[in-house]
């Protein structure tokens, strides 16, 4: 089952639920000292729970900027597949493209797009339309 971001009738496909959870797990472990939502409450708490109202998107975009900047300083081997089982590895293990140089470009959607770019587009669409951004599945 594919998951993604939904803004009104706009759908931004991400990939599997475990892949999306991996992004959030990686942020929580590496950038929040395993204290989920302590630094990025809008993205990690409100949105991850399913929905973020458009009035909060401006701050969420600032959170995303910080996440991207800080992930850019971490090597790919710092990826966390599941915060509840930190030893668990991604299905592909460490067999990744040489184009992946850090955690800011590690996450690629099932459509081959940069996850952080798609995430930003979905947030911006929410802001533009004044509609919530939601995590949903097809």
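In our numbering, the protein residues as written are 32 to 169.
Idealized CB from N, CA, C, for every residue including glycine.
- The region 150 to 163 makes no contact with the region 118 to 128: fewer than 3 CB pairs, one atom from each, lie closer than 8 Å.
- When Cβ pairs closer than 8 Å are counted between the two stretches, the region 142 to 161 is seen not to touch the region 113 to 125, the count staying below three.
- Here DSSP, grouped into helix, strand and coil, assigns residue 36 to strand.
- If you look at residue 53, you'll find it in the alpha helix (DSSP H) that goes 48 to 62.
- In chain order, 110, 111, 112, 113, 121, 138 place their CB closer than 8 Å to the CB of residue 53, counting only its own chain and leaving out the 5 sequence neighbours on each side.
- Distance from the CA atom of residue 83 to the CA atom of residue 102, rounded to whole angstroms, is 22 Å.
- Note that the C-beta distance between residue 46 and residue 59 is not below 8 Å.
- Going by DSSP, residue 165 is part of the beta strand (DSSP E) stretching over 164 to 168.
- Taken through DSSP and simplified to helix, strand or coil, residue 45 comes out as strand.
- In the three-state reduction of the DSSP assignment, residue 82 falls in the strand class.
- Where residue 159 is concerned, the enclosing alpha helix (DSSP H) starts and stops at 146 to 160.
- DSSP, reduced to helix, strand and coil, places residue 88 within a helical segment of the structure shown.
- If you draw a straight line from the Cα of residue 74 to the Cα of residue 93, it is about 10 Å long.
- Between residue 116 and residue 104, the alpha-carbon positions lie close to 23 Å from each other.
- Residue 62 holds the alpha-carbon nearest to the alpha-carbon of residue 97 among 108, 62, 85, 57.
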